[in-house]
Amino acid sequence: GAGVSQTPSNKVTEKGKYVELRCDPISGHTALYWYRQSLGQGPEFLIYFQGTGAADDSGLPNDRFFAVRPEGSVSTLKIQRTERGDSAVYLCASSPGLRWNEQFFGPGTRLTVL
Amino acid sequence: SQELEQSPQSLIVQEGKNLTINCTSSKTLYGLYWYKQKYGEGLIFLMMLQKGGEEKSHEKITAKLDEKKQQSSLHITASQPSHAGIYLCGADMDSNYQLIWGAGTKLIIKP
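Residue numbers (the numbering used here), protein chains in the order written: chain E, -9 to 104; chain Y, 2 to 112.
Structural data, given as structure tokens:
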């Protein structure tokens, strides 16, 4: 049984570039979450999906950030015009439902914007 | 997040000793989750608490949620090197399904 996977594990990009981060959730999990974690901090909520739709995107910091989950499985977090402040570990988690379910986390993608 | 305070920020404990980590909220918690994180890895689920006064144990780790559902503690008995890592509490506060997270407690076990 595969867990949540995220690719790439590391991404180094230059300021102003566009990046895509991918998350493969556990098969059958309807809920998918994106978080961002800076050094020495807990995860910061970005967005979650229930199925294909973004049920809550209130954590996205600005309109440079966008996420999709077109078939209700794999999700892609897209960041346009990256800034140095976007550097962080981006974590994805999935769960069988929205509440009272353990969230299963992937290993994260470490994004560095130079 | 300042909505969820974890203490201590870091902890160095002699192997074999007991320890407690706390997670405190100013709001009533709908659910409280404890996770462990090792460097470069994702978060590993430990326990989830929902009811006031609830207590759960797994191996040498016990988590409790107080009656008011505003504070949780994680207690490790007879600590081992495998317990080292960062312990994070996450809380469902506003019933909007977001989890708010504490900043984490870094635990080091001295052999």
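Don't be surprised by glycine CBs; every beta carbon is placed ideally from N, CA and C. Note that this is a predicted model, so its numbers are computed, not measured.
Selection from the options that minimises the alpha carbon distance to residue i
i      : options                      : result
L89/Y  : K18/Y, I22/Y, I13/Y, Q51/Y   : I22/Y
I16/E  : Q40/E, T102/E, R100/E, P86/E : P86/E
A45/E  : P97/E, L101/E, V58/E         : V58/E
L5/Y   : L81/E, L50/E, S84/E, P33/E   : P33/E
G43/E  : L50/E, L22/E, R26/E          : L22/E
F46/Y  : K107/Y, L108/Y, G91/Y, Q99/Y : G91/Y
I109/Y : L100/Y, Q99/Y, Q81/Y         : Q81/Y
L75/Y  : K52/Y, S83/Y, C24/Y          : C24/Y
L50/Y  : Q71/Y, E42/Y, Q7/Y, S83/Y    : Q71/Y
K52/Y  : S73/Y, Q10/Y, Q99/Y, V14/Y   : S73/Y
Between the CA atoms of residue j and residue i - distance to the nearest angstrom
i     : j     : result
S2/Y  : L29/E : With a pLDDT of 49 at S2/Y, under the threshold of 50, the modelled position of this residue cannot be trusted; read the value that follows with caution. The alpha-carbon atoms of S2/Y and L29/E are separated by roughly 13 Å.
G6/E  : G75/E : 12 Å
D14/E : S63/E : 7 Å
R71/E : S26/Y : 36 Å
L66/Y : T66/E : 36 Å
T29/Y : E4/E  : 43 Å
G86/Y : F95/E : 16 Å
E16/Y : R54/E : 47 Å
K37/Y : L44/Y : 6 Å
T99/E : Y25/E : 11 Å
Contact set between residue i and chain E, taken where Cβ atoms lie within less than 8 Å
i     : result
L75/Y : What L75/Y touches in chain E: nothing, since even the nearest Cβ is about 14 Å away.
W35/Y : What W35/Y touches in chain E: nothing, since even the nearest Cβ is about 11 Å away.
Q99/Y : F35, Y38, D46, S48, G49
Own chain, CB closer than 6 Å to residue i, minus 5 neighbours either side, in chain order
i      : result
K68/E  : E10, F56
G54/Y  : E68
I62/Y  : I77
P112/Y : E16
N19/Y  : T78
F39/E  : L22, R59
Presumed contact (8 Å Cβ cut-off) between residue i and residue j, rounded CB distance
i     : j      : result
A64/Y : W102/Y : Actually they do not touch by this definition, with Cβ atoms about 16 Å apart.
G32/Y : D95/Y  : Not confirmed; about 11 Å, so no contact.
L81/E : Q27/E  : 6 Å
Chain-ordered chain E contacts of residue i [CB-CB under 7 Å]
i     : result
E42/Y : P97
Listed by chain order, chain Y residues near residue i by CB distance under 7 Å
i     : result
P33/E : W102
E92/E : F46, M49
Interface residues of chain Y facing residue i [CB-CB closer than 8 Å]
i     : result
G30/E : A104, G105
L81/E : G43, L44
Chain-order list of residues whose beta-carbon lies under 7 Å from that of residue i (same chain, five-residue window excluded)
i     : result
M48/Y : W35, K57, H59, A64
F77/E : It should be pointed out that residue 77/E corresponds to Ser in this sequence rather than to Phe. Closer than 7 Å at the Cβ level, and outside the excluded window around S77/E, lie L101, T102, V103.
Close-in-space but distant-in-sequence residues of the same chain around residue i (CB under 8 Å, 5 per side omitted)
i       : result
Y8/E    : K68, I69, Q70, R71, T72
S(-5)/E : C13, D14, G96, P97
L12/Y   : L20, I22, T106, K107, L108, I109
K1/E    : V9, L11, T99, R100, L101, T102
Give the residues from the segment 33 to 56 of chain E that approach chain A closer than 8 Å (Cβ to any Cβ), ordered along the chain. Included in the structure are the protein chains E and Y, with no chain A among them.
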